[in-house]
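The structure appears below as structure tokens.
2 protein chains.
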Amino acid sequence: VAEGARERLIETLEPVHPADIADFIEQIGPVERRNLLTLWGPQIDADFLFELEEGVRDEVMEILSPEQIAVAVQERDTDDLVYLVEDMEEEAQEAVLDALDEADRVAVEQSLQYPEDSAGRLMQRHVVTAPQHWTVGDAIDFMRASDDLPDQFYDIVIIDPRHKPVGEVRLGKIMATPRWVKLADMMEEGLRTIPVDQTSADVAYAFNQYHMIQAPVVDENGRLVGVITIDDAMDVLEDEAEEDMMRLAGLGAEEEITDSVWETTRQRFPWLGVNLITAVFASIVISFFEDTIAAIVALAVLMPIVASMGGNAGTQSLTVAVRALATRDLTGSNAYRVVRREVLAGLLNGLAFAVIIGVVGVIWFGSPMLGVVLGISMVINMVVAGLAGILIPIGLEKAGADPALASGAFVTTVTDVVGFFSFLGLAGWLLL
Amino acid sequence: VAEGARERLIETLEPVHPADIADFIEQIGPVERRNLLTLWGPQIDADFLFELEEGVRDEVMEILSPEQIAVAVQERDTDDLVYLVEDMEEEAQEAVLDALDEADRVAVEQSLQYPEDSAGRLMQRHVVTAPQHWTVGDAIDFMRASDDLPDQFYDIVIIDPRHKPVGEVRLGKIMATPRWVKLADMMEEGLRTIPVDQTSADVAYAFNQYHMIQAPVVDENGRLVGVITIDDAMDVLEDEAEEDMMRLAGLGAEEEITDSVWETTRQRFPWLGVNLITAVFASIVISFFEDTIAAIVALAVLMPIVASMGGNAGTQSLTVAVRALATRDLTGSNAYRVVRREVLAGLLNGLAFAVIIGVVGVIWFGSPMLGVVLGISMVINMVVAGLAGILIPIGLEKAGADPALASGAFVTTVTDVVGFFSFLGLAGWLLL
């Protein structure tokens, strides 16, 4: 290894934010990755570990020495540490835990006891608290005397003698208030505590809905066990939206742009398999009408139009429904109104496109009756599309399933089957 | 109006968070909405205005009196006010602006001068600043003397004599530090300022990438003009993800669950129109092979399978690409590797499904050659799907267009055309 190259590399990377270094490491290939880390060598600043996605991080963990990992993980807040290790393989997890001081290690191990995707995994264990009788002056003196405050905290949590949170006071407010004022007299209105076993999706919803910056986390007895800050909620919120988008397209929520060809192929196979089954199902419907098609080949030319329009209209309704369920804008109190809207919008657009495609059919094939068949089946399929697009995700949600997961396959199956059946069926009845 | 009912309503709503009141108002129908607000009457707490989506908010603005609006908008931070009024019709906007005190009105009007979706619209104008020579004690005394600090601030911005930000000091750090320490000696590392004309998407990216809580906004001369906080960035980030999801499904980014049937129909029409054109295009391709289909009707039964599998595989690649472009995980440095991955994954899944569907074809129709034709066209279409799914969004991004906007139509057109053409073309060549 040329020492000059190493020095230049260290000099180049020194001012770069760990998140940008992580992006760079993700975007280069595996061989270049190993070369870079080897060249960087013993003085590596492995802060970027916290910013890497899982696959690449596992690769990098195997290259780094225990000492390099130790330097990166000390002095980090416990929520960051939990995020780092929770999906690691056992060996790598041990390597990180061993590098922590006793208090941090215990805190991280305790957090890992809570279920995945729960508030217990998101929270920072180290909370700045004050008893109810403290004044602003007491709080300031306490903080000045303390030598390891968390990196990120925005409120002081006020607790009662049984360690239950009774309120929060914003730092900005403390600083703007004379020393003698009691903290209990300046608490924010409407304290919202988070149960430690609440799902992270619910936590993110609460932060977003109520514009929270920080919230105390409590155990089943209402005692303070940690605190969640807005940055953690922001990560969850983004992941949730991404997950819905990926699932609607039939992708695993875990799929990453750095996955290998083989992983990508394997992850996409199941959904394509589901789609194959639904496509064969649609083909079976078509096969009922082989005689009709043999008599009028124009039907084979036109039938994908009806199915495709229904599929698109269904996907529109479905996406609106999945998103509205995720943001909780679609609930029992407006479900009827939304279903009605989707069906009527399907009907209106169905009528509009029935006229357009009917005219196209007449001009193209010179058969007015063919235009009528096209138009009627278009209306039928687009109404059904609106209905299926909204009812299927609502049904899945009611059944406790993820509405984004399988709705797409169900909805397009319905629109394909109804599209082919209504078009070919009507054609057989009216044209033969 | 029964006074008893009014009192009970006020009592019920009093402890409810404005965001939840807004959700309730959105979920009931227009008539119930008007009745509720009328019953609530003069003592209405219109804080929920800031939480309503645009359509319902416009409706509510017409019901509320200027006095009710005035109470709700006073004492709010300027970024909230800009968010409230920026999409309002002129008359309603005037009503809000007139209710503000002079300083706030000027600040809001100045923010509205900046382009839509820019940092200038997101920022809070009221910033807590300190000159470089101040100590912790100076800052605390200043804040104690000040009577209108912003609701939300987490850092004090340190400015030089020309009003340029030189650093930020966290509130938590100030409180933990003795009075005599100079602020300039305790600034956070790596100050990131945001140009006032930066797009809100770029602002959200920076907050997410660099885990920022607050960032100073500067004008073209580098002078401080405002500050953006993480909660604003969180809103933008969620909107961006939602927008991509909606656009991929052919929905307007503006569509809301509370839109009327007519608005919904009108907003979905254009994309369905685009889809009709592409579907007709696919039909034209099929019409080239009318003679082939007339000879072997089984082709009409099976052809949707090839097109549908290609469409799904293309949508998978497309969604990955659109998401990765949005999060900037797909860049010039890994584009080649990702394109190669998509094509190879398409090839491998194409081969797997070619075997499966080939066997199905043979069993179903008893023709080995038909199975071969199905298999070959499946491989071709899935490779093309991978290629189109990744290259089309990259191309749109390079051309300065939104990759989520039109990619879906392009990709499915490609997979339909290639699917029908390869299957029917091969069938005509090998089976007739």
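Chains as they are written, first to last, in my numbering: chain A, 1 to 432; chain B, 1001 to 1432. Backbone N, C-alpha and C fix where the C-beta goes; we use that ideal spot for every residue, glycine too.
**Prompt:** Rounded to the nearest angstrom, how far is the Cβ of A/Gln209 from that of A/Asp155, given a contact under 8 Å?
**Reply:** Rounded to whole angstroms, the Cβ separation of A/Gln209 and A/Asp155 is 18 Å, and the two are not in contact under 8 Å.
**Prompt:** What is the C-beta distance between B/Val1085 and B/Gln1093, in whole angstroms, given that I count them as a contact (C-beta under 8 Å)?
**Reply:** Indeed, because the Cβ distance is near 5 Å, the residues count as touching under 8 Å.
**Prompt:** In the DSSP assignment, what are the bridge partners of B/Ala1215?
**Reply:** For B/Ala1215, DSSP records a beta bridge to B/Ile1228.
**Request:** Kindly indicate which residue of A/Asp148, A/Gln74, A/Gly332 and A/Gly371 has the alpha-carbon position closest to the one of A/Ile305.
**Result:** For the residues A/Asp148, A/Gln74, A/Gly332 and A/Gly371, the minimum Cα distance to A/Ile305 belongs to A/Gly371.
**Message:** Could you tell me the alpha carbon to alpha carbon distance between B/Asp1104 and B/Leu1122, rounded to whole angstroms?
**Reply:** Between the C-alpha atoms of B/Asp1104 and B/Leu1122 there is a straight-line separation of about 15 Å.
**Request:** Indicate the three-state DSSP secondary structure (helix, strand or coil) for A/Val322 in the structure shown.
**Result:** Note: A/Val322 maps to helix in three-state DSSP.
**Asked** Roughly how many angstroms lie between the CA atoms of A/Ala404 and B/Asp1101, to the nearest whole one?
**Response** Taking the straight line joining both Cα atoms gives about 47 Å.
**Request:** Kindly list, in the order they appear in chain A, the residues whose Cβ is closer than 8 Å to that of B/Val1231.
**Result:** First, the amino acid is wrong: residue 1231 of chain B is Asp here, not Val. Chain A residues near B/Asp1231: His211, Ile213 and Ile230.
**Request:** Pick helix, strand or coil for B/Ile1399, following the three-state DSSP scheme.
**Result:** The amino acid occupying residue 1399 of chain B in the given sequence is Ala; Ile does not appear at that position. Coil, per DSSP.
**Request:** Could you check which residue in B/Phe1281, B/Val1322, B/Gly1408 and B/Glu1397 has the C-alpha nearest to that of A/Trp364?
**Result:** Distances from the CA of A/Trp364 to each of B/Phe1281, B/Val1322, B/Gly1408 and B/Glu1397 were compared; the closest alpha carbon is that of B/Phe1281.
**Asked** Thinking just about the alpha-carbon of each residue, which of B/Arg1192, B/Arg1006 and B/Arg1340 is nearest to the one in B/Val1158?
**Response** Here the sequence assigns Ile to residue 1158 of chain B, which means Val is not the residue at that position. If we check each option's Cα against that of B/Ile1158, B/Arg1192 comes out closest.
**Message:** I need the straight-line Cα distance from B/Val1379 to A/Gly419, nearest angstrom please.
**Reply:** Between B/Val1379 and A/Gly419, the C-alpha separation is close to 26 Å.
**Asked** Since B/Gly1167 sits in a beta bridge, which residues does DSSP pair it with?
**Response** DSSP output for B/Gly1167 lists B/Ile1158 as bridge partner(s).
**Request:** Return helix, strand or coil for B/Gln1093, following the three-state DSSP convention.
**Result:** Here B/Gln1093 sits in helix by DSSP.
**Message:** So that I know if they touch, is there some Cβ in chain B lying closer than 8 Å to that of A/Arg323?
**Reply:** With 8 Å as the cut-off, A/Arg323 counts as an interface residue toward chain B.
**Request:** Kindly give me the distance between the Cβ atoms of B/Glu1255 and A/Val320, rounded to whole angstroms, as I take these residues to be in contact under 8 Å.
**Result:** Between the beta-carbon of B/Glu1255 and that of A/Val320 there is about 7 Å, and that keeps the pair under the 8 Å contact cut.
**Prompt:** Shortest alpha-carbon distance to A/Ala300 belongs to which of B/Glu1290, B/Glu1091, B/Val1056 and B/Ser1377?
**Reply:** Nearest option by C-alpha distance: B/Glu1290.
**Prompt:** So, does the CB of A/Met187 fall closer than 8 Å to a CB anywhere in chain B?
**Reply:** Not closer than 8 Å to any Cβ of chain B, the Cβ of A/Met187 fails to qualify, so no.
**Within 8 Å, strictly: CB atoms of B/Asp1087 and B/Glu1054** = For B/Asp1087 and B/Glu1054, yes; Cβs fall inside 8 Å.
**Asked** So is A/Arg341 in contact with chain B if we call contact Cβ pairs under 8 Å?
**Response** So, interface residue.
**Message:** Tell me the residue span of the alpha helix (DSSP H) that contains A/Thr331.
**Reply:** For A/Thr331, no alpha helix (DSSP H) segment is defined, and its DSSP state is neither H nor E.
**Neighbourhood of B/Ile1394 by C-beta distance below 7 Å, restricted to the same chain and skipping five residues each side** = Cβ within range, chain order: Ala1321 and Ala1335.
**Terminal residues of the alpha helix (DSSP H) in which A/Pro18 lies** = Its alpha helix (DSSP H) spans residues Pro18 to Gln27.
**Prompt:** With burial defined as no fewer than 16 other Cβ atoms inside 10 Å of the residue's Cβ, what is the status of A/Gly358: buried or exposed?
**Reply:** When all chains shown are included, A/Gly358 counts as buried.
**Request:** Quick one: measure Cβ to Cβ for B/Gln1152 and B/Asp1231, integer angstroms, because I've assumed they're closer than 8 Å.
**Result:** That belief holds up - the Cβ atoms of B/Gln1152 and B/Asp1231 are roughly 7 Å apart, short of 8 Å.
**Asked** Of all the residues that make up the stretch 343 to 366 of chain A, which are near chain D by a beta-carbon distance shorter than 8 Å?
**Response** In the structure shown, chain D cannot be found, because the protein chains are A and B.
**Asked** In or out: B/Trp1271 buried (at least 16 other Cβ within 10 Å) or exposed?
**Response** B/Trp1271 is buried by the Cβ-count criterion.
**Message:** Let's see if you can read the secondary structure: which residues bound the alpha helix (DSSP H) around B/Gly1177?
**Reply:** Rather than Gly, the amino acid found at residue 1177 of chain B in this sequence is Thr. Where B/Thr1177 is concerned, there is no enclosing alpha helix (DSSP H), because DSSP gives it neither an H nor an E.
**Prompt:** In the structure shown, what three-state DSSP assignment does A/Gln124 receive?
**Reply:** If DSSP states are grouped into helix, strand and coil, A/Gln124 belongs with the strands.
**Message:** Across the stretch 49 to 69 of chain A and the stretch 14 to 24 of chain A, are there enough close Cβ pairs to call them in contact, namely three or more that are closer than 8 Å?
**Reply:** The stretch 49 to 69 of chain A makes contact with the stretch 14 to 24 of chain A; the number of CB pairs closer than 8 Å reaches 3 or more.
**Prompt:** Which residues does DSSP pair with A/Ser118 in a beta bridge?
**Reply:** For A/Ser118, which the question treats as bridged, DSSP gives the partners A/Thr199.
**Prompt:** Can the beta-carbon of B/Val1383 be found less than 8 Å from the beta-carbon of B/Gly1350?
**Reply:** In this structure, the beta-carbon distance from B/Val1383 to B/Gly1350 falls below 8 Å.
**Request:** Look up A/Thr78 in the DSSP assignment and say whether it is helix, strand or coil.
**Result:** Reduced to three states, the DSSP call for A/Thr78 is helix.
**Asked** From what residue to what residue does the alpha helix (DSSP H) around B/Ala1130 run?
**Response** Counting along the chain, B/Ala1130 falls outside any alpha helix (DSSP H), though it belongs to the beta strand (DSSP E) covering Thr1129 to Pro1131.
**Prompt:** From the beta carbon of B/Tyr1446, is the nearest beta carbon of chain A less than 8 Å away?
**Reply:** With chain B represented from 1001 up to 1432, any question about residue 1446 of chain B goes unanswered, as that position is not in the structure.
**Prompt:** With DSSP run on the structure shown, which of helix, strand or coil describes B/Thr1258?
**Reply:** Looking at B/Thr1258 - three-state DSSP - the assignment turns out to be coil, as it is neither helix nor strand.
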